[in-house]
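Residue numbers for the sequence shown follow our numbering, beginning at 12 and rising by one.
Even glycine gets a Cβ: it sits at the ideal position worked out from N, Cα and C.
Keep in mind that this is a model prediction, so the values were computed, not measured.
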Amino acid sequence: MMQQVGKWIDERSGAGEVWQKLFKRKIPRGVNFLYTFGAATMFIFMLQILTGIILAMYYANTPEHAYDSVLYISNEVALGWLVRGLHHWGASAMVVVVVLHGAVVFYLGAYRYPRELTWVVGIFTLLVVIGFSFTGYLLPWDEKAYWATVVGTNMAGTVPFAGNFMLLLLRGGAEIGAVSLARFYALHTLLLPALAVLLVGIHLYLVVKHGVSVPPWIWDEDEKKRKVVR
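Next up, the structure:
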């Protein structure tokens, strides 16, 4: 019965072909642990989505209740301290792992033809991840978060020509207040997640399309073998 249902779904959705493309691809020789940072990034990203959804169910994005809601999550919600901790430290881990992933790709030369677009999409994904960290920092609405956001938005305000516009856009006014918190919350939970899902989807599609690159030392070995044959 289950096999028939699975066959029916596969024939109409192509799920089997997608599974083959994603999880049964041919991997070139020479692949080692350096190639695992992409998968680690995906794992942390999914963890951030899950924990973020749970936190959003209890968080109140108003200056009067934001801090109290964070305390409620940490102290009253079952395993709330764990969920918040995973989300908090996962944000830092996400930045570190994405940077390491990019550094490895650069070191291995995997940004070269035909994977230039994959590299560009990855850079934009890194910017979105940094945006997650910046916008999420204000949400606890404590003194540390407040003044860190003041400094961060002041830095945005120093951008030539567009600085004042960026400052007002982020803060929603001259000072950090209720509008700022609402905007950061909207960016953190609506705009940035949509961009992240889009970019990650494009990135995965390009990785599947072009395959995994061969390590440079394998190129050198193959080149030496070709010279010997000649």
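Between the C-alpha atoms of Arg36 and Val42, what's the straight-line distance to the nearest angstrom? Spanning the two alpha carbons is a distance of roughly 13 Å.
Which runs of the alpha helix (DSSP H) spanning at least 4 residues fall entirely within the stretch 151-201, listed in chain order? Runs of the alpha helix (DSSP H) inside the stretch 151-201: 154-167, 174-182 and 189-197.
Touching by the beta-carbon criterion (3+ pairs, under 8 Å), the stretch 46-55 and the stretch 99-117: At 8 Å Cβ cutoff, the stretches touch.
So, with DSSP's three-state summary, where would you put Tyr70? Coil, per DSSP.
Exposure label - Pro226; buried when at least 16 CB within 10 Å: The residue in question, Pro226, is buried, as its Cβ has 16 or more Cβ neighbours within 10 Å.
Measure the CB-CB distance between Thr62 and Val94 and report whether it falls below 9 Å. Cβ atoms of Thr62 and Val94: closer than 9 Å.
What is the DSSP secondary structure of Val219, reduced to helix, strand or coil? Helix at Val219.
Return the residue from the list Tyr196, Thr136 and Gln59 that minimises the CA-CA distance to Phe152. Going by the sequence as given, residue 152 is Trp instead of Phe. Measuring C-alpha to C-alpha distances from Trp152 to each of Tyr196, Thr136 and Gln59 identifies Tyr196 as the nearest.
Taking all protein chains shown into account, do 16 or more other C-beta atoms lie within 10 angstroms of the C-beta of Gly147, making it buried, or fewer, making it exposed? Buried, by the Cβ-count rule.
For Gly133, count neighbouring C-beta atoms within 10 Å of its own C-beta (all shown protein chains included) and say buried if the count is 16 or more, exposed if not. The residue in question, Gly133, is buried, as its Cβ has 16 or more Cβ neighbours within 10 Å.
Would you call Val139 buried or exposed, if buried means 16 or more other Cβ atoms sit within 10 Å of its Cβ? Buried: at least 16 other Cβ atoms inside 10 Å.
Hey, how far is the Cα of His99 from the Cα of Val81? Taking the straight line from one Cα to the other gives about 12 Å.
Continuous alpha helix (DSSP H) assignments of at least 4 residues falling wholly in the stretch 71-149: With a minimum length of 4 residues, the unbroken runs of alpha helix (DSSP H) contained wholly in the stretch 71-149 fall at 77-86, 91-118 and 127-149.
Here's a check: name, in chain order, each residue in its chain whose Cβ is nearer than 6 Å to the Cβ of Leu58, leaving out the five neighbours to either side. Correct list, in chain order: Gly101.
Using three-state DSSP, classify Ile38 as helix, strand or coil. Reduced to three states, the DSSP call for Ile38 is coil.
Under 9 Å between the Cβ atoms of Tyr157 and Leu149? Yes, the pair counts as a contact, with Cβ atoms nearer than the cut-off.
Skipping 5 residues on each side, what residues in its chain have a beta carbon closer than 6 Å to that of Ala121? So the qualifying residues of the chain are Ser224.
Backbone CA spacing between Thr73 and Leu90 [nearest angstrom]: Computed Cα separation, rounded: 23 Å.
Is Met105 buried or exposed, if buried means 16 or more other CB atoms sit within 10 Å of its CB? So Met105 ends up on the buried side.
Spatial neighbours of Met177 in its chain, beta-carbon cut-off 7 Å, leaving aside the 5 residues before and after: Here Met177 has Ala167, Gly168 and Val170 as same chain residues with Cβ atoms under 7 Å from its own Cβ, once five neighbours each way along the sequence are excluded.
His199 beta carbon less than 9 Å from that of Phe143: Annotated as proximal: Phe143 and His199, with beta-carbon spacing under 9 Å.
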